[in-house]
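Taking it in order: structure first as structure tokens, then the write-up.
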Amino acid sequence: MSITTTSGISTTRTTAGRRLIALARAEFALLARNRTAVFVALLMPLAMTVALKSSLDRVDLGPAGMSVAGAALTGGIGAALIQVVHMNLVSTYVARREELVLKRLRTGEIRDLEILGGTALPAALLLLAQSALIVAVGGAALGLGAPERPALLVAGLLLGCVLLAGLAALTSAGTRTVQTAQLTTLPFFLVSGMGSGLFVPLAVFPDRLAAACELLPLTGVMTLVRAGWLGGGSGGALVRATVAALAWTGFAVFAGRRWFRWDPRR
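Note that the numbering used here has the sequence shown beginning at 4, numbered continuously upward.
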């Protein structure tokens with residue numbers, strides 16, 4: 004009985020892994036054909052990094068304890084998280100839903116979570132590759148050097164991918180068309196950009212405002228990303244950031260799966 008059970012579990016996992024990879028490969032092929040999505044995914048975060056550096060030259064970052072280059076490049080990674088994962092995935096989920104692709108996939112053996120995860124996997128891999136490029140090229144060009152805590156940086160990026168994929172699934176439920184996805188994703192982009200430290204580090208905000216902004220979904224992830232690359236951050240602050248990131252990620256995965264719409268909104 005034990006051998007049979009173990010064998011059955013192993014076979015199920017292998018099949019699930021193959022289904023996930025097959026779906027991710029198909030989704031990546033579709034993404035590569037969409038020139039607009041590729042442009043947004045590849046070039047917009049880099050453009051945001053350049054714009055952030057120019058704007059931060061006029062900001063006193065002394066209270067934040069970081070350089071303009073450090074704030075701009077970590078903010079660029081945050082912008083990539085939002086644009087490559089969240090905004091791109093909302094459009095993707097809506098497009099696949101309205102084209103009845105998701106409904107057809109559900110008639111097979113593939114599970115709901117595998118469909119959502121396989122669709123999100125190309126965006127997550129693209130985000131990780133782009134973050135590595137920002138760290139390597141941007142860090143060398145602006146003299147930041149290698150990440151102080153690589154494991155913490157990677158953990159922050161992985162948590163961010165799962166968090167924003169879940170929020171993308173949730174946001175897509177209230178998005179009727181691919182065109183309106185630009186509107187439904189805009190509030191999260193603006194709130195996170197200003198309140199989670201993408202555009203301006205929270206340390207330059209008044210204490211009460213900074214404390215409130217620490218409760219936003221992306222703030223914990225950005226704290227881990229900055230501490231992982233630039234160092235610093237007390238143990239207590241990192242624990243709070245990790246707990247907040249995990250809590251928001253758990254909520255996003257639950258809510259995204261619970262309220263995701265599989266049928267077209269017509």
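Ideal Cβ placement from N, Cα and C applies to all residues, glycine included.
All values reported here derive from a predicted model rather than from experimental measurement.
Take THR188 and list the residues in its own chain whose beta-carbon comes closer than 7 Å to its own, dropping the five residues that flank it on each side. Excluding sequence neighbours, THR188 sits near HIS89, MET90, VAL93, THR174.
GLY200 and THR226 closer than 9 Å at C-beta: For GLY200 and THR226, yes; Cβs fall inside 9 Å.
Under 9 Å between C-beta atoms of GLN86 and PHE192: Pairing GLN86 with PHE192 gives a Cβ-Cβ distance under 9 Å.
DSSP three-state assignment for THR110, whether helix, strand or coil: In the structure shown, THR110 sits in coil (DSSP, three-state: anything other than H, G, I, E or B).
Under 8 Å by Cβ, that's how I've got LEU160 and SER134 pegged, so tell me the actual separation to the nearest angstrom. 6 Å between Cβ atoms; contact.
Return the Cβ separation of THR178 and GLU30 in integer angstroms, given the expectation that the two are a contact with Cβ distance under 8 Å. In this structure, THR178 and GLU30 do not form a Cβ contact; the two beta carbons are roughly 18 Å apart against a cut-off of 8 Å.
The alpha helix (DSSP H) with ASP266 in it runs from where to where? Unbroken run through ASP266: none, as it is neither H nor E.
Answer yes or no: do ALA172 and LEU119 have a C-beta to C-beta separation smaller than 9 Å? In terms of Cβ geometry, ALA172 and LEU119 form a close pair [threshold 9 Å].
Selected residue, minimal CA-CA separation from ALA168, among THR52, ARG38, VAL53, TRP251: Taking only the C-alpha atoms, the option nearest ALA168 is TRP251.
Nearest to ALA215 by CA position, among VAL207, VAL228, GLY198, VAL224, is which residue? With distances taken between Cα atoms, ALA215 lies closest to GLY198.
Would DSSP call VAL181 helix, strand or coil? Correct three-state label for VAL181: coil.
Under a CB-based cut-off of 9 Å, is GLU101 close to chain B? No chain B is part of this structure, which consists of one protein chain only.
Does the beta-carbon of GLY234, which I'm using as the reference point, lie nearer than 8 Å to any heavy atom of the ligand SAH? Among the components of this structure there are no ligands whatsoever, and the ligand SAH is therefore not found.
Could you tell me if TRP232 is buried or exposed, where buried requires 16 or more neighbouring beta carbons within 10 angstroms of its beta carbon? Classification for TRP232: buried.
Beta-carbon separation (whole angstroms), LEU124 vs ALA27, contact threshold 8 Å: Taking 8 Å as the upper bound for CB-CB distance, LEU124 and ALA27 are in contact here, some 4 Å apart.
Taking just the CA atoms, how far does GLU117 sit from LEU23? Cα-Cα distance, rounded: 6 Å.
For GLY142, which three-state DSSP category applies? It is helical.
Neighbourhood of ALA1 by C-beta, 7 Å cutoff - its chain only, sequence neighbours within 5 removed: Any question about residue 1 goes unanswered here, given that the chain covers just 4 to 269.
Tell whether a beta-carbon distance below 9 Å holds between ALA248 and LEU186. Judged by beta-carbon spacing, LEU186 lies beyond the 9 Å limit of ALA248, meaning their Cβ atoms are not closer than that value.
Which whole-angstrom value describes the C-beta separation of LEU130 and CYS164, a residue pair presumed to lie in contact below a C-beta threshold of 8 Å? That pair is a contact at about 6 Å.
At the level of alpha carbons, what is the spacing between ARG243 and LEU33? Using only the alpha carbons, I get a separation of about 39 Å.
Is the distance from the Cβ of PRO209 to the Cβ of ALA255 below 9 Å? No.
Report the CB separation of ALA83 from LEU147 in whole angstroms; it is logged as a contact under 8 Å. Between LEU147 and ALA83 the Cβ distance is about 16 Å, and since that is not below 8 Å, they are no contact.
Find out if the Cβ-Cβ distance for the pair LEU145, VAL224 is shorter than 9 Å. The Cβ atoms of LEU145 and VAL224 lie no closer than 9 Å to each other.
Under the three-state reduction of DSSP, which class applies to THR77: helix, strand or coil? If DSSP states are grouped into helix, strand and coil, THR77 belongs with the helices.
Thinking just about the alpha-carbon of each residue, which of ASN37, LEU49, GLY253, ARG21 is nearest to the one in LEU170? The shortest C-alpha separation from LEU170 is found at GLY253.
Please look up how many angstroms separate the CB atoms of LEU76 and THR52, rounded, as I've assumed it's under 8 Å. About 6 Å; that satisfies the 8 Å criterion.
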